Amino acid sequence: MANILAVDDSPSIRKLVSATLSKAGHSVESASDGQEGLELAEANAYDVVITDVHMPIMDGITLTENLRKLDTCRFTPILILTTESASDMKLRGKQAGATGWIVKPFNPESLIKVIDRVLG
Amino acid sequence: MSIDMDMKEIHDIFFEESEEGIDVMESGLLGLEPGNADPELINTIFRVAHSIKGGAATFGFTAISEFTHGVETLLDQLRSNQRAVSEDLIEVLLGAVDCVRGMLAALKDDAELDLNSVTECQEKINALLGSAPVTSAADSVADTDEVMAQRPGVKTWDIEFRPDANIFKTGNEPIRIFRELESLGKLNVFAELAEDVEFDSVDPENCYCGWVLELEADVDAEAIEAAFEWVKEQCDLKIHCRNPQAAAAADTGAVESANTVAQLEPPKSESNAAKPAAAPAAASRDSGSIRVNIDKIDALLNLVGELVITQSMLARFGENGGERGANSGLRDGLMVLERHTRELQESAMQIRMLPISSSFSRFKRLVRDISSKLGKKVELVLSGEDTELDKTVLEKMSDPLVHLVRNSLDHGIEMPEQRLAAGKPEVGTLKLSAYHEGGSIVIEVEDDGAGLNAKRIHQIAIERGVVSETEQLSEEQIHHLIFQPGFSTAEAVSDLSGRGVGMDVVRRNIADLGGRIDIHSEQGKGSCLKIRLPLTLAILDGQLVRVGDDVYIFSLRSIVETVLVPPNQIKRLAGGSVVYRLREDYIPVVRLRERFNLNCSAPRKTYLESDGELMVVVESDGKRLGLFVDELLDQQQVVIKSLEENYMPVTGLAGATILGDGNVAMIIDVPGLVRDAGDAKANDSNAA
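Protein sequence lines correspond, in order, to chains A and B.
Note that the working numbering has the first sequence beginning at 3, numbered continuously upward.
Note that the working numbering has the second sequence beginning at 145, numbered continuously upward.
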């Protein structure tokens, strides 16, 4: 189905995201920080990008800004994965060009649902 | 939809990463000083706390996520300069680190959790936060879970949706929103084009449309808003209900439903099975390394060990080949093979090596806690943190080291007043260092405290029957008495050291690793404990001996000397124990052929003939033992195979190895035999 890039510095969240979405039939690649995510996105085409906000080296907001500058990612749905329920983080994400957000804690079902939503 | 993936495995990853994170938080907090807040450091600590909170909430460990929330808030305030770094704050945060560590352990291993300390710490955090109740992480749940209360009564909604022109640039597509609305009920969509658009000025990447939608569904306004959640900042949105009577009933239920979503209970019971491999050094990711299960490494080492054995088998063929030209190529090849095998083995051994810094770093916390508890001023100096040590050795050294450090702080370094009175600097120094010396690793614990009081030690040792009054001892011998069982110099058993484990246990632990501990102390100036350890436990420099028909192996390092014992020099004491007078001392003697019940057909050549018997004198833990063997053979490096794993533990044998000729040889457990002999001797003297 869809090619998904998951960027998170936490191995357990990466594993949860990739295991959940793989079970749902998607193919998932993951990166452990924004820089790595950006490099992957430069080399491959993804249908959806999911990224954490707080990460070492390059955070998720910067990653989103950089992704929007890539020709291949201009309209790609980018979802910010964060525990930040505060609206300022969502707003910062939106300003950086994010499509939407997934608020942690999330369960596998809701993750699949959100992905289905952006895949239309 | 059900997800039948292995959550347990993911939980294990979470525990492992959180434990690492906790270590990073702790060392970060220890690096913070009042008035000197390194923003990068605070940011790192914040990020870790944030990750732990997020992960815990995601995996349903509500207690941890709620607790960490307060910690995160404090750190966030630090980060944004709303709060200054103070001793108190660091203290509370360090306490919180312990709590989270405890909670993780409780979930992972079903360990006992000290609920009081968690509550206490929570209260301290709340007090710092201005006693505001900690908001539960669950308040954010409703955002993604559009599980809405379904109320009877179909309502008709009019929705006006006019997005900003740039809506596509955030990857949002109105059609997806409409599809989502369609899943709620019957949807009619009417598009309206913007009127004042010139064709030439149209930017194909902009949106020039607005939509009016008509939705017939028994949902409330929140469910509809949820579909527009991501774009509400980028559009004009009006939602209006045509028949509000039907809607009134629904609105009251909306808040309630949001709060009941996904209150996950921590899955306590399923988290206590196999532990994940112990985490390597905390900074592993930063130093460009990968995480590998220790079992895989051991399997690799095992295979390399087999390869070494195979190589030595081949080498024998090469030797037997003689000088003929046809074989010179073979011999050259075998020599190269030997070199490569050795190198491969060394590289493989390196994988198991960890820098001692992972063990040293915990002492920063320990020293800080203990010294403040005792009211002492201590500076911890670390050196040689990069020195690498086998993982197993490192783990087994952890407790003895903690004990030595506690001892130094408790009994060694004096109170500030005493130090000043003695003309020493007020702040005591505790030095932990590690370095290579010969084929060993040396770890030193050194303090500039009071040193050992030889007179008092001697007196106590006499009182407790450790030595007899008549025995003449050098100062160094007296110092070593502290390693005797049943000896403790602390006048009152303090809260810190002296909790059951004595220096004798420390020495035994070290001896079990094939190492030894020495002490050098000068009264009034300080003490230095020097631990010497083998580089690794997996290979051994061995002395091959023959006993009967079999070959046995001694660790070369344990052998003191070999002597030819003239007949009739072995004394049998009352009670049956056998001793030999080696110069000044009597040492216990064990006949290996008797010890291992060997029915040997081979003639006991040296034993029966008049020139005497061959005895290997070994030493462990400061005690010596004589072992009779029939013949000394080669010395070679051998790969230790565990008997316990492959067969069962056998007293007196530390393991086995396969020799170049394919035969299996047993490795003698010198520390075990020495202990056995000591016990037997003690029993004898008790009986007598």
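Even for Gly, the Cβ is constructed at its ideal location relative to N, Cα and C.
Computed from a predicted structure; not experimentally measured.
Using the three-state DSSP reduction, which class does residue i fall into: helix, strand or coil?
i        : result
Asn270/B : helix
Gly102/A : strand
Gln781/B : strand
His384/B : strand
Ile208/B : helix
Cys353/B : strand
Asn109/A : coil
Asp442/B : helix
Leu717/B : coil
Asn790/B : helix
Met497/B : strand
Gly796/B : coil
Pro178/B : coil
Met3/A   : coil
Arg727/B : coil
Glu570/B : coil
Met810/B : strand
Asn741/B : coil
Pro58/A  : coil
Lys669/B : coil
Val50/A  : strand
Ala33/A  : strand
Asn332/B : strand
Ser433/B : coil
What does residue i reach in chain A if we use C-beta pairs closer than 9 Å?
i        : result
Phe312/B : Arg76 and Phe77
For the alpha helix (DSSP H) that residue i lies in, which residues bound it at each end?
i        : result
Asn85/B  : Limits of chain B in this structure are 145 at one end and 832 at the other, which puts residue 85/B out of reach.
Asp543/B : Lys535 to Asn551
Phe128/B : Coverage of chain B is limited to positions 145 through 832, which leaves residue 128/B absent and any answer about it impossible.
Lys517/B : Ser501 to Leu518
Ile604/B : Ala598 to Glu607
Gly62/A  : Gly62 to Lys71
Asp656/B : Met647 to Asp656
Ile368/B : Ala365 to Ala371
Under 7 Å Cβ-Cβ, which residues of chain B neighbour residue i?
i       : result
Ser12/A : Glu161, Ser195 and Gly199
For residue i, which residues in the same chain have their Cβ closer than 7 Å to its Cβ, ignoring the five residues on either side in sequence?
i        : result
Leu787/B : Pro793, Val794, Leu797, Gly799 and Ala800
Asn387/B : Lys299 and Thr300
Gln455/B : Leu481, Glu482 and Thr485
Ser542/B : Ser503
Applying a beta-carbon distance threshold of less than 7 Å, which residues of chain A neighbour residue i?
i        : result
Ile319/B : Gly122
Glu324/B : Arg119
Trp355/B : In chain order: nothing, as chain A lies at least about 15 Å away.
Trp301/B : Ordered by position in chain A, no residue passes the 7 Å Cβ test against Trp301/B, which lies about 19 Å from the chain.
Ordered along the chain, which non-local residues of its own chain (more than five positions away) have a Cβ less than 8 Å from that of residue i?
i        : result
Gln779/B : Asp685, Gly686, Gln687, Leu688 and Leu700
Ala338/B : Tyr352, Cys353 and Gly354
Can you say whether residue i is buried or exposed, counting buried as having 16 or more other CB atoms within 10 angstroms of its CB?
i        : result
Ile6/A   : buried
Asn180/B : exposed
Gly567/B : exposed
Tyr696/B : buried
Leu23/A  : buried
Met169/B : buried
Gln494/B : exposed
Glu728/B : exposed
Glu564/B : A small correction: the amino acid at residue 564/B is Leu; Glu does not occupy that position in the sequence shown. The residue in question, Leu564/B, is exposed, as its Cβ has fewer than 16 Cβ neighbours within 10 Å.
Phe372/B : buried
Gly477/B : exposed
Ser491/B : exposed
For a contact defined as C-beta to C-beta under 8 Å, what are the partners of residue i on chain A?
i        : result
Glu377/B : Leu93 and Lys96
Asn316/B : Pro79, Thr101 and Gly102
Should residue i be counted as a contact of the ligand NAP given a C-beta to heavy atom distance under 7 Å?
i        : result
Asn741/B : As for the ligand NAP, it is missing from this structure, which has no ligand bound.
Can you list the residues of chain B that residue i reaches, using a CB-CB cut of under 8 Å?
i       : result
His28/A : Near His28/A there are no residues of chain B at all, since even the closest Cβ is about 13 Å away, more than 8 Å.
Ile52/A : Those within 8 Å of Ile52/A in chain B number zero; the least Cβ separation is about 12 Å.
Ala43/A : What Ala43/A touches in chain B: nothing, since even the nearest Cβ is about 13 Å away.
What are the boundary residues of the beta strand (DSSP E) that residue i is part of?
i        : result
Asp344/B : Premise fails: Asp344/B is in no beta strand (DSSP E) and is neither H nor E.
Leu23/A  : Note, Leu23/A: premise wrong, no beta strand (DSSP E); alpha helix (DSSP H) at Pro13 to Lys25.
Ile234/B : That residue, Ile234/B, is in no beta strand (DSSP E); its alpha helix (DSSP H) goes Glu231 to Asp253.
Met759/B : Glu757 to Ser764
Gln621/B : Taken as a continuous stretch (DSSP letters only), Gln621/B belongs to no beta strand (DSSP E), being part of the alpha helix (DSSP H) at Glu619 to His624.
Glu561/B : That residue, Glu561/B, is in no beta strand (DSSP E); its alpha helix (DSSP H) goes Pro560 to Ala565.
Sorted by chain position, which residues of the same chain lie with C-beta nearer than 6 Å to residue i's C-beta, five sequence neighbours on each side aside?
i        : result
Ile104/A : Leu81, Leu83 and Val116
Members of the stretch 153-178 of chain B that neighbour chain D once the beta carbon cut-off is set at 7 Å: No chain D is part of this structure, whose protein chains are labelled A and B.
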